[in-house]
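A.B. asks:
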Amino acid sequence: ENIASARGVWHREGSTFIHINAVQPGGVLHGISLFRFDGERWMESASFAERAIYQRGQWLLQNVTTTLIDDQGTERVQESERIWDTGLSPEVLSVLIVKPENLSISGLYTYASYLNRQELSATVYWLAFWKKVLMPLGTAVMVLVAISFIFGPLRSVTMGFRVFTGLIVGLLFKYMQDLLGPMSIVFGFNPVLAILVP
């Protein structure tokens, strides 16, 4: 799960909750907070890093302060640098701050797959992915429906009635897609069905 706002990005990766104040292009993060919990949801540690740089396929945290928490009390550890083992890459982080509708097909697929690997809900991203992938099919179907209204028998109905009926069918198609998409998220059925059923 992730939440992006003007005050940064929250993200969960396994039992660690991550807050990033700012994401800069080129793989630089500012103000990183890592809160790690155990299986019983007790906090084990809290780490704060001034910044992180992505180098050679891994994140390097800089100016890190970690507070370790156990039954005996707390212990504070200072490190000038520490490697951060995470599945987040600059590509995934760039997706976190963009709405699903504005992402490319490859960006949607990458991030939805990442969320699935983390055992997080990716339904919103899969819905946006399938909408984009199946859009040409929906357009082709609407063109065929429009052609059937235009080139039907000319004597049986007026042109105005055909235009009106075509308009109603097109609006129903659009409204069904707009209604079934959010329903697939709420009720948990496959987003592909929400796109194909109308």
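Take 24 as the starting number for the sequence shown in this note's numbering and just add one per residue. Where is the CB? At the ideal position from N, CA and C, for every residue including glycine.
Taking the CB atoms as reference points, tell me whether T88 and F71 lie closer together than 7 Å.
C.D. replies: In the sequence shown, residue 88 corresponds to position 65, counting from 1. In the sequence shown, residue 71 corresponds to position 48, counting from 1. In contact: T88 and F71 (Cβ atoms closer than 7 Å).
A.B. asks: Can you tell me which of the three DSSP states A72 falls into?
C.D. replies: For the purposes of this step, residue 72 is taken as the residue at position 49 of the sequence shown. Three-state DSSP puts A72 in a strand.
A.B. asks: Suppose you measure from the CA of T97 to the CA of L111; what does that come to, to the nearest Å?
C.D. replies: Along the sequence shown, read from residue 1 onward, the residue named residue 97 stands at position 74. Along the sequence shown, read from residue 1 onward, the residue named residue 111 stands at position 88. Approximately 28 Å, taken between the alpha carbons.
A.B. asks: Whose C-beta lies closer than 7 Å to the C-beta of Y132 among residues of the same chain, with five residues either side of it excluded?
C.D. replies: Within the sequence shown, the letter at position 109 stands for residue 132. F152, listed in sequence order.
A.B. asks: So who's on the other strand from D93, going by DSSP bridges?
C.D. replies: For the purposes of this step, residue 93 is taken as residue 70 along the sequence shown, with counting starting at 1. In the DSSP output, where bridge partners are listed per residue, D93 has G96.
A.B. asks: Measure the CB-CB distance between F174 and G189 and report whether it falls below 7 Å.
C.D. replies: What you label residue 174 is simply residue 151 of the sequence shown in a count that begins at 1. What you label residue 189 is simply residue 166 of the sequence shown in a count that begins at 1. Contact flag unset, no.
A.B. asks: What is the rounded straight-line gap between the Cα of Y77 and the Cα of P113?
C.D. replies: By one-based count along the sequence shown, residue 77 stands at place 54. By one-based count along the sequence shown, residue 113 stands at place 90. In a straight line, the C-alpha of Y77 is about 7 Å away from that of P113.
A.B. asks: Which residue from K154, R79, L194 puts its Cα closest to that of S207?
C.D. replies: Taking the first residue of the sequence shown as 1, we reach residue 207 at position 184. Closest by alpha carbon: K154.
A.B. asks: Quick check: is any heavy atom of the ligand ATP less than 6 Å from the C-beta of M206?
C.D. replies: In the structure shown, the ligand ATP is absent, as is every other ligand, since no ligand is present at all.
A.B. asks: In terms of residues, what are the limits of the alpha helix (DSSP H) holding T39?
C.D. replies: Along the sequence shown, one-based indexing puts residue 39 at 16. Premise fails: T39 lies in the beta strand (DSSP E), 39-47, not in any alpha helix (DSSP H).
A.B. asks: Would you decide whether I43 is buried or exposed? Buried here means 16 or more other CB atoms lie within 10 Å of its CB.
C.D. replies: Residue 43 sits at position 20 when you count from the first residue of the sequence shown. By the 10 Å Cβ count, I43 comes out buried.
A.B. asks: Within 10 angstroms of its Cβ, does P214 collect 16 or more other Cβ (buried), or is it exposed?
C.D. replies: As a working mapping, residue 214 is identified with position 191 in the sequence shown. Classification of P214: buried, given that the 10 Å Cβ count is 16 or more.
A.B. asks: Under 7 Å between the Cβ atoms of W82 and A75?
C.D. replies: As a working note, residue 82 is residue 59 in the sequence shown. As a working note, residue 75 is residue 52 in the sequence shown. In contact: W82 and A75 (Cβ atoms closer than 7 Å).
A.B. asks: Is the separation between the beta-carbon of Y148 and that of Y134 shorter than 7 Å?
C.D. replies: For the purposes of this step, residue 148 is taken as the residue at position 125 of the sequence shown. For the purposes of this step, residue 134 is taken as the residue at position 111 of the sequence shown. Cβ atoms of Y148 and Y134: closer than 7 Å.
A.B. asks: Check the C-beta distance from G204 over to L150 and give it rounded, since I have them as a contact under 8 Å.
C.D. replies: The sequence position of residue 204 within the sequence shown is 181, counting from 1. The sequence position of residue 150 within the sequence shown is 127, counting from 1. That belief holds up - the Cβ atoms of G204 and L150 are roughly 5 Å apart, short of 8 Å.
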